[in-house]
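Chains as they are written, first to last, in the numbering used here: chain U, 1 to 192; chain H, 1 to 90.
Okay, structure coming up:
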């Protein structure tokens with residue numbers, strides 16, 4: 001179970017991972033569209049109306065950014081890194097994020113965040129109803145767990161693809177991840 | 001099968017073969033023979049190399065046989081190569 005959830009890249013073949021990753025990406029785009037969510041960066045999700053094409057392009061941009069930056073980083077560490085292994089890392093590692101839109105069933109979180117607006121959090125919490133506050137708190141806690149899960153998957157995939165070991169590899173991975181996040185935010189903002 | 005010790009349990013230096021004997025006529029040869037590099041690897045690494053030869057050096061076949069992914073098997077081979085190079089240098 002631990003291998004399946006955190007280290008699938010060590011065990012499963014390219015074909016299995018590719019099929020799973022592509023199907024999950026398509027389903028993820030559909031779920032985000034139906035539940036009015038948008039992935040607007042590697043680590044950013046907003047609640048907004050969108051189209052299915054827009055949702056799909058968002059996912060493709062994120063996967064491409066992750067692939068490009070992680071592949072460059074992996075090549076710096078290990079010359080024999082294969083592109084397919086990095087593509088699979090990006091495809092599979094993003095799967096946990098596709099669970100997050102389910103928190104917005106009936107636009108629950110969209111309404112809550114709108115109610116929050118730009119107001120100072122401690123002030124507004126006392127004025128919010130428990131019905132509005134609970135989904136936000138639940139989403140925040142689960143979101144943090146999903147974020148850690150996603151980073152663990154990304155690092156394990158990267159480590160397997162690039163035979164990465166040690167602090168230097170971790171630093172290069174971290175920089176690549178931050179650059180992928182920045183690039184994806186810009187590209188989604190300007191292109192989509 | 002008993003595991004061949006390759007390092008001294010006391011000081012961890014590499015061991016050498018100092019006596020060889022014939023099980024048929026009980027002839028004993030004494031000397032100081034260093035162990036081949038492959039014998040100095042762990043049992044797990046030796047088994048991996050054995051499997052590698054049996055699959056004609058195909059990492060893809062090995063990955064399927066070991067129920068591991070291709071990069072995992074390739075990384076294992078690279079780690080063994082690193083160990084062999086380190087042993088050859090010493």
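In this text, a Cβ means the ideal position worked out from N, Cα and C, and glycines have one as well.
Margin query: I'd like the list of long-range same chain contacts for residue 32/U, defined as Cβ closer than 7 Å, with 5 residues on each side in sequence excluded.
Written below: 38, 39, 55, 101
Notebook entry, point to check: From residue 35/U to residue 73/U, what distance separates their C-alpha atoms?
Noted result: 34 Å
Next item on the list: Could you tell me which of 13/U, 64/U, 30/U sits nearest to residue 49/U, measuring between CA atoms?
Entry: 30/U
Notebook entry, point to check: With burial defined as no fewer than 16 other Cβ atoms inside 10 Å of the residue's Cβ, what is the status of residue 46/U: buried or exposed?
Noted result: exposed
Note to self: Can you look up residue 208/U in the DSSP assignment and give me helix, strand or coil?
What the structure shows: Only positions 1 to 192 of chain U appear in this structure, which leaves residue 208/U out of reach.
Notebook entry, point to check: Looking at residue 138/U and residue 103/U, is the spacing between their C-beta atoms short of 8 Å?
Noted result: yes
Next item on the list: Return the chain-ordered ranges of every alpha helix (DSSP H) run that is complete within the segment 3-29 of chain H and spans a minimum of 4 residues.
Entry: none
Item checked: Straight-line Cα distance separating residue 146/U from residue 3/H -> 45 Å
Note to self: By the DSSP assignment, the alpha helix (DSSP H) with residue 166/U in it spans what residues?
What the structure shows: 166-191
Notebook entry, point to check: So which residues of chain H does residue 161/U contact, with C-beta pairs closer than 7 Å?
Noted result: 71
Notebook entry, point to check: Exposed or buried, which one is residue 51/U when buried takes at least 16 other CB atoms within 10 Å?
Noted result: exposed
Check: Hey, how far is the Cα of residue 42/H from the Cα of residue 67/U?
Finding: 36 Å
Next item on the list: At 8 Å on the CB atoms, spell out the chain H contacts of residue 155/U, in chain order.
Entry: Here the premise fails: no neighbours, minimum Cβ distance about 14 Å.
Note to self: With a threshold of 6 Å on Cβ separation, who are the neighbours of residue 181/U within its own chain once the five nearest residues in sequence on each side are excluded?
What the structure shows: 41, 42, 43
Notebook entry, point to check: Whose C-beta lies closer than 8 Å to the C-beta of residue 114/U among residues of the same chain, with five residues either side of it excluded?
Noted result: none
Check: CB residue 19/H to CB residue 10/H, shorter than 8 Å?
Finding: no
Next item on the list: Consult DSSP for residue 32/H and reduce its assignment to one of helix, strand or coil.
Entry: strand
Notebook entry, point to check: In three-state DSSP terms, what is residue 38/U?
Noted result: strand
Next item on the list: Apply the 10 Å Cβ neighbour rule to residue 22/U and answer buried if 16 or more other Cβ atoms are within range, or exposed otherwise.
Entry: exposed
Check: With a cut-off of 8 Å, does the C-beta of residue 93/U fall near any C-beta of chain H?
Finding: no
Note to self: Please tell me whether residue 67/H has its Cβ less than 8 Å away from any Cβ of chain C.
What the structure shows: Among the protein chains of the structure shown, namely U and H, there is no chain C.
Next item on the list: Note down, one range per segment and in chain order, each alpha helix (DSSP H) of at least 4 residues found wholly within the segment 33-77 of chain H.
Entry: 43-54, 59-66
Check: residue 173/U and residue 186/U: beta carbons closer than 8 Å?
Finding: no
Notebook entry, point to check: Applying the criterion that 16 or more other CB atoms from any shown protein chain within 10 Å of the CB defines a buried residue, is residue 127/U buried or exposed?
Noted result: exposed
Next item on the list: Figure out for me which residue from 12/U, 7/U, 53/U, 6/U has the closest Cα to the Cα of residue 28/U.
Entry: 53/U
Notebook entry, point to check: How big is the Cα-Cα spacing for residue 161/U and residue 171/U?
Noted result: 16 Å
Next item on the list: Grab the span of the alpha helix (DSSP H) containing residue 45/U for me, first residue to last.
Entry: That residue, residue 45/U, is in no alpha helix (DSSP H); its beta strand (DSSP E) goes 44-47.
Next item on the list: Answer with buried or exposed for residue 7/H, where buried requires no fewer than 16 other C-beta atoms within 10 angstroms of its C-beta.
Entry: exposed
Margin query: Could you check whether the Cβ of residue 78/H sits closer than 8 Å to any Cβ belonging to chain U?
Written below: yes
Margin query: Can you confirm whether residue 85/H, when its beta carbon is compared against all beta carbons of chain U, has any partner nearer than 8 Å?
Written below: no
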